Every structure is written in structure tokens, then in C-alpha cells.
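Here the protein sequences line up with chains D and A, keeping their order.
Heads up, the first sequence is in my numbering, so the first residue is 1 and it goes up one at a time.
Heads up, the second sequence is in my numbering, so the first residue is 1001 and it goes up one at a time.
Note that CB positions come from ideal geometry on N, CA and C, so glycine has one too.
This structure is a prediction, so every number in the text was calculated from the model and none was measured.
Everything on this sheet refers to the single structure shown next.
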Amino acid sequence: MKSFSLKLGLFLAVLVASSFRALALDGAVVIANSNVAADSLSADALKDIYTAKTKYWDGGQAIIIAVVPDKTDAALQQASGMEASQFKTFWQRLAFSGRGSEPKKADDAAALVAYVAATKGAIAIVPADAALTGVKKIEIK
Amino acid sequence: MTTKHSTHKLVLAITAAIMAAGGAQAYEVPLTGINTNLPPVDFHGFASQGLLASSQYNYLADNTKTGSLEFFEAGVNASMDPFPRTHITAQGFMFDVGDIGQYKPVLDYASVTYTFNDEIGVRGGRIRRPQGIYNEIIDVDLARTSVLLPQGIYDARWRDFYADLDGGEIFGSLPLSKAGSLSYDGYAGYAHPSTSGGVGNVIKNDLPPGSSVDSLNSPFTLGGQLWWNTPLDGVRVGAAYYHAFNFQQNLTVNLPPPPFGPGPVPSSSSMNVDNTQESLEYLWRNWTFQAEYMRTWLEPGNIDDAWYANVAYRFNKWFEAGTYYTEYYSNVQQRDNSLDYQKDLALSFRFDPKPWWVLKLEGHYIRGTGLLDNNANNPNQNSGAWFMLAVKTTFSF
């Protein structure tokens, strides 16, 4: 019994420790519309955005998340803590219960960058090799 | 019946046309054409059509023993953020589950939300009631693995009482440092049960033949929910509570005629309702683990309870499978009577051929008849096991 308790304690400690790891987005960067004041975000702040805890930028501009399906799933998982299908379901729940708006979908990275450049308050995770024209890159600390 | 079928065909035709025309993308309509600086309006929608077939009893619809298509949901919503920190949204909805719904369009929700900051916001209007994992999206088929949610907690026929209310809500998320965060909702308002809805149907089912439910009041309801988002990624624990005050029912009870009774007589009664629900959810990689327990006190009346445990796994982009086991007891003092319980083992398969198209196939192995709610249509009930098949397809944009 004591051995079991010890193993359980170690298991939980590893789980807790793993949840505080630093965020590194695999092959992707975070961009935002140039009217967004922030130049950097903490990993926690980014997660709060992608899990709908934070819906507005400082100043009150609505945060509009944009995604390009299938191209940045790994980075999206790292940012939100959810797999792609779970992320989609999570936002559908909010959209169809009147508690939020689904992320905008772009067909490819170029279209995603163009959408973010043209849309106030927009934020997106794009492939690291995408041409970042007219948007600002957000550093994740 | 002709009108009902015409409405059904019209809705399906409109849905199909929208899918074909729009490539099933959400619509974003800019308002610049009418000389405003307002941001665009987002439109989303869905339509679901299901088939229910059962082996022994007619469940949820009148004729499921021979297969029933009376299982439909559709909704269209619009939303925008016209001012800083302000969100406006509304959704129209129609559904049909057997005798309930009947394709009648209703205003599902219409609310204005002002978010002061992450910690506090307020919402007013017709709002979805936050309770448990699924109550806010009880009729959104595309946001879950199964066709039927555990019916002892999320009864598809009871949405007129559970799903929304007219009132206000305060909400927010409080950081707890390394302990995660705490999300909260507190709400107050008026539910709007219908005489032809799920609650009215249950009351009528307990009355002698020829009786009617003449009116139900809109009980004032006070409630709230807490979610502890634990520091373990994907794990959250929730607790919800509500109290409905003086839920009043006005009936005409058809007592046997003289010399045995006086015939139809008016009757009214009132009750308070207390409800608690505890929830646990764990999202780990492509796995989803969920469990919930709900208990309801009717004063005066019974105490009923229900629970379920659910596991689902996403294999790839287009295929997901899940299973749950659930038990419901209409009277916690009588857990051995098959007329008062329903135990259901479900196995679900979900296919996503396209991002906007979902197909589901589901089997149920059921014991007990505590949720049939239609004794006239199921005159002989016993403790034997029975089966149900549910098939459903959903289109969304």
C-alpha cells in the first residue's frame, strides 16, 4: 500500500511538472494584426486566448483567431493543450451556445497571413516558413 | 401531419442548398455596404436528421419499433462584436423528437455579453443555461461523439425546461497560480417549459387517459456552475446547482365518470426543484474521458438521480469511436424496479467525411423502462433487455 501511494505520488508529480514546461511551437510562429499592441505573449496568455479565457485585447478589441486546418496542428496542440479535433469541438460548443465565435479558417498559409493582415484583432499560428507580409510577429515567452 | 412533413422537407432543402452554395464555410457578412463601421456579422448553422429504431418499446418517438425519422434538429445563429468588449448573438432553432418540438421555430438564445476582463463579464437576454459538460450544447450533434447523450441527464425531449432561460448571467475565470484556474457562472432567470414539451409530456403521462396539461408557469430559476481547470493539461472538475421556485402546473384530470368519479376536474399543483450535477473531464491526446452524476429533488415528490461514464477515441481526421454506460433512477428509494430505472450501454461510431458533414451510427443495449415517458404507447413493460439503433447525419456551416 505504501509502495502504491509512493508510485501514485510520483506519477502525479511528473504530470504536474510536465504541465509547467516552456512553450515551443513546432515549426510555427504566432502572428497578429498590426493594430494589436502586444509584441509578445507568455505561453499562459497564449493558451488563455486559444481556450477562450481571454477574448479581448487590452483596449477592448475582440480577439479573432484564424487557423489553417492541418498545416499547424502540432503547434495548435502545444498552444491550446487540445488535439485538432478537440480544438474544433471546443469552439463549436462556444459558437453554438452563444458564448463565442469559431476561429476563421483559411485555405493555406498565404491566405491566413492575408486575413490576419486585413482583420483588426486577428491572431494566428502560421508555418514558420510562411511569408509574413503586413502582420506583426508575436514573441512567445 | 402534412404541414409537419412539408416543413421537414423545406428545412432539409434549404440546408442542402446552403451547403452546396457556400462550400459549407461559415458566412461573414460585412456591413460596410450600409454605411456603418460595424464589424462583420458571423453566421453559422447546422441541420441534423436521425433515424431511431428499437427492438421492444417505442422510445423517444411514437413508432421506433418500426423505425422513426422523427429526430431532427436545425439552428442558425448570427454574432458580432459591435463595440469594445461587447458580443451580440442570437440563434433560431427548430427540432423534432417524436411528439416534442414539431419543427416549430423558436428563439433559442439572444443575448448581449459585456466582458470587463478575464475575471468578470455579464450576459443578459435569453441565455443558454451552463450546467455540466453538455447542457449548453445538448442539441448540437456535431460537438460530440454519440448520437444520444446519456438520457437520464441530457434528455433530448426536455430542452424547453433545461436548455435556456430568460435572465442574466455573471461569469469569469479566476487564475489560481500553479493550481490552475477557476471558471464560474452564476445565473438567474425564467425557464419557459411548454405544455407540449418534454416536461408537459411527462406530467401528462402520469395522468388518466383524456386528461390534459393546460398551462405551466415560467419558474424563476437560480443557479451556477464552477469548473476547476486543474494544472494537469486537459483535466477539469465541475459542480453545478440550480433551484427552480414554485414550478406550477395547471391540469384537467379526467377522473372516471359517476358513480366512480366526477369526470374532468381542474387541478393545480406547485413544486420546487433542486438539482446538483458533478462533472469530470479529461482530454488526453486523442482520448476523451468523461463522467457525471446528477441528482434532482422535487419538493414535494421524488428524488431521482443519474450518472454516466464515457470514453471516446479519435483514430484520425474522419473516424472516432466511443462508448458510455449510464444509469437513471426515477426514484432513488426504488432502485430495483425496472419501471423506475433505465440502464444503457452505448457504442458509437462517428465519421467525418468532410469538415462540414458528420455521420454517426450507434447501438444501445438497454435494461429497464424508466425513461419511456409514454405508457399509452408502451402498454406492456418488463425487466427484459432491449435494443436501440440510432443513425444520424449532420451538416454544418
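Requested in this report: State the Cα-Cα distance for the pair D:Asp129 and D:Ser80, rounded to the nearest angstrom.
Outcome: The residue labelled residue 129 of chain D in the question sits at position 129 within the first sequence. The residue labelled residue 80 of chain D in the question sits at position 80 within the first sequence. Cα to Cα, D:Asp129 sits roughly 21 Å from D:Ser80.
Report task. Ignoring anything shorter than 4 residues or poking outside the stretch 10–89 of chain D, list the alpha helix (DSSP H) runs there in chain order. Result -> 43–50, 73–80
**Report entry** N-terminal and C-terminal residue of the alpha helix (DSSP H) that A:Gly1344 is part of
**Finding:** Locating residue 1344 of chain A in the second sequence gives position 344, counting from the first residue. The displayed chain sequence assigns Asp, not Gly, to residue 1344 of chain A. Run containing A:Asp1344: none in the alpha helix (DSSP H); it sits in the beta strand (DSSP E), 1341–1354.
Query - Anticipated Cβ contact below 8 Å, A:Gly1238 with A:Gly1132, distance rounded - result: Along the second sequence, read from residue 1 onward, the residue named residue 1238 of chain A stands at position 238. Along the second sequence, read from residue 1 onward, the residue named residue 1132 of chain A stands at position 132. Between A:Gly1132 and A:Gly1238 the Cβ distance is about 7 Å, and since that is below 8 Å, they are a contact.
Query - Neighbour-count burial assignment, A:Gly1167, 16 or more Cβ in a 10 Å radius - result: Position 167 of the second sequence, counted from the start, is the residue given in the question as residue 1167 of chain A. Per the 10 Å Cβ criterion, buried.
Query raised in the report: Is the CB of D:Thr72 under 8 Å away from at least one CB in chain A?
Result: Locating residue 72 of chain D in the first sequence gives position 72, where the first residue counts as 1. Taking Cβ atoms only, chain A never reaches closer than 8 Å to D:Thr72, which makes this a no.
Report task. Would you list the residues sitting across from A:Val1391 in a DSSP beta bridge? Result -> Position 391 of the second sequence holds residue 1391 of chain A. Answer is A:Leu1051, A:Leu1361, bridged to A:Val1391.
Query raised in the report: In whole angstroms, what separates the C-alpha of A:Ser1279 from that of A:Tyr1184?
Result: By one-based count along the second sequence, residue 1279 of chain A stands at place 279. By one-based count along the second sequence, residue 1184 of chain A stands at place 184. Roughly 14 Å separates the two Cα atoms.
Query raised in the report: If you run the structure through DSSP and keep just helix, strand and coil, what is A:Ala1116?
Result: The residue you call residue 1116 of chain A lines up with position 116 of the second sequence. A quick correction: the sequence has Phe, not Ala, at residue 1116 of chain A. Here A:Phe1116 sits in strand by DSSP.
Query raised in the report: What do you get for D:Ser42, buried or exposed, if any count of 16 or more other CB atoms within 10 angstroms of its CB means buried?
Result: For the purposes of this step, residue 42 of chain D is identified with residue 42 of the first sequence, where counting begins at 1. So D:Ser42 ends up on the exposed side.
Requested in this report: Can you pull the chain D residues whose beta carbon is under 9 Å from the beta carbon of A:Pro1084, in chain order?
Outcome: Position 84 of the second sequence, counted from the first residue, corresponds to residue 1084 of chain A. Here the neighbours are Tyr56, Gly59, Gly60, Gln61, Ala62.
Report task. Would you identify the three-state DSSP class for A:Trp1227, choosing helix, strand or coil? Result -> Residue 1227 of chain A sits at position 227 when you count from the first residue of the second sequence. Strand.
Query raised in the report: Which residues mark the beginning and the end of the beta strand (DSSP E) in which A:Arg1236 is found?
Result: Along the second sequence, one-based indexing puts residue 1236 of chain A at 236. Residues 1235–1254.
Query - Assigned exposure category for A:Ala1385 - 16 Cβ within 10 Å defines buried - result: As a working note, residue 1385 of chain A is residue 385 in the second sequence. Under this definition A:Ala1385 is an exposed residue.
Report task. Thinking D:Lys55 and A:Thr1115 are a contact (beta carbons under 8 Å), I'd like their distance in whole angstroms, please. Result -> Here the question's residue 55 of chain D lines up with position 55 in the first sequence. Here the question's residue 1115 of chain A lines up with position 115 in the second sequence. Confirmed, about 6 Å.
Query raised in the report: Are the C-beta of A:Ser1173 and some C-beta of chain D separated by less than 8 Å?
Result: The residue given as residue 1173 of chain A occupies position 173 in the second sequence. A:Ser1173 counts as touching chain D.
Query raised in the report: Beta carbon of A:Asp1081, beta carbon of A:Phe1093: below 8 Å?
Result: As a working mapping, residue 1081 of chain A is identified with position 81 in the second sequence. As a working mapping, residue 1093 of chain A is identified with position 93 in the second sequence. It is not a contact, given that the beta carbons lie outside the stated cut-off.
Report task. In angstroms with no decimal places, state the Cα-to-Cα distance between A:Thr1064 and D:Ile49. Result -> Looking up residue 1064 of chain A in the second sequence gives position 64. Looking up residue 49 of chain D in the first sequence gives position 49. Each residue's Cα considered, the two are about 45 Å apart.
Query raised in the report: At what residues does the alpha helix (DSSP H) containing A:Asp1160 begin and finish?
Result: Residue mapping note: residue 1160 of chain A aligns to position 160 of the second sequence, counting from 1. Its alpha helix (DSSP H) spans residues 1159–1162.
Query raised in the report: When the Cα atoms are used, what is the spatial distance from A:Arg1085 to A:Asp1214?
Result: Counting from 1 along the second sequence, the entry for residue 1085 of chain A is found at position 85. Counting from 1 along the second sequence, the entry for residue 1214 of chain A is found at position 214. One C-alpha to the other measures close to 43 Å.
Query - Nearest-angstrom Cα separation, counted from A:Lys1392 out to A:Ala1291 - result: What you label residue 1291 of chain A is simply residue 291 of the second sequence in a count that begins at 1. What you label residue 1392 of chain A is simply residue 392 of the second sequence in a count that begins at 1. Going by the C-alpha atoms only, they are around 24 Å apart.
Query raised in the report: With which residues is A:Val1213 paired in a DSSP beta bridge?
Result: The sequence position of residue 1213 of chain A within the second sequence is 213, counting from 1. A:Leu1251, per the DSSP bridge assignment.
Query - Proximity winner among A:Asn1331, A:Asn1302, A:Trp1318, relative to A:Pro1355 (alpha-carbon distances) - result: Position 355 of the second sequence, counted from the first residue, corresponds to residue 1355 of chain A. If we check each option's Cα against that of A:Pro1355, A:Trp1318 comes out closest.
Query raised in the report: Of all the CB atoms in chain A, is at least one closer than 8 Å to the CB of D:Thr133?
Result: Indexing the first sequence from 1 puts residue 133 of chain D at position 133. No, because no Cβ of chain A sits closer than 8 Å to the Cβ of D:Thr133.
Query raised in the report: Under 8 Å between the Cβ atoms of A:Gly1198 and A:Thr1221?
Result: Translated into the one-based positions of the second sequence, residue 1198 of chain A becomes position 198. Translated into the one-based positions of the second sequence, residue 1221 of chain A becomes position 221. Not closer than 8 Å, so no.
Report task. Might you give, ordered along the chain, the residues of its own chain that have their beta carbon closer than 6 Å to the beta carbon of A:Ala1306, omitting 5 neighbours on each side? Result -> Here residue 1306 of chain A refers to the residue found at position 306 of the second sequence. For A:Ala1306, where only same-chain residues beyond five positions count, the Cβ hits under 6 Å are Gly1152, Ile1153, Met1294, Tyr1328.
Query raised in the report: Using 8 Å as the threshold, is the stretch 66–73 of chain D in touch with the stretch 1054–1072 of chain A, meaning 3 or more CB pairs across them?
Result: no
Report task. Taking only beta carbons into account, state which residues of the stretch 100–118 of chain D come closer than 9 Å to chain A, listed in chain order. Result -> Gly100, Ser101, Glu102, Lys104, Lys105
Query raised in the report: Cβ of A:Gly1322 within 8 Å of Cβ of A:Val1311?
Result: Here residue 1322 of chain A refers to the residue found at position 322 of the second sequence. Here residue 1311 of chain A refers to the residue found at position 311 of the second sequence. For A:Gly1322 and A:Val1311, yes; Cβs fall inside 8 Å.
Query - Cβ-based burial, D:Gly27 [other Cβ within 10 Å; buried from 16] - result: Position 27 of the first sequence, counted from the first residue, corresponds to residue 27 of chain D. Exposed, since its Cβ has fewer than 16 Cβ neighbours within 10 Å.
Query raised in the report: With 16 as the cutoff for other CB atoms within 10 Å, does A:Ser1173 come out buried or exposed?
Result: Within the second sequence, the letter at position 173 stands for residue 1173 of chain A. Buried, because 16 or more other Cβ atoms sit within 10 Å of the Cβ of A:Ser1173.
Query raised in the report: How should A:Phe1351 be labelled, buried or exposed, when 16 other C-beta atoms within 10 angstroms of its C-beta is the threshold for buried?
Result: Locating residue 1351 of chain A in the second sequence gives position 351, where the first residue counts as 1. It counts as exposed.
Query raised in the report: What is the DSSP secondary structure of A:Thr1145, counted as helix, strand or coil?
Result: As a position in the second sequence, residue 1145 of chain A is number 145, starting the count at 1. Coil at A:Thr1145, not helix or strand.
Query raised in the report: Are any of the Cβ atoms in chain D nearer than 8 Å to that of A:Ser1079?
Result: Against the second sequence, residue 1079 of chain A aligns to sequence position 79. Yes, A:Ser1079 lies at the interface with chain D (some Cβ there is under 8 Å from its Cβ).
Query - chain D contacts made by the stretch 1186–1198 of chain A, where a contact means CB separation under 7 Å - result: none
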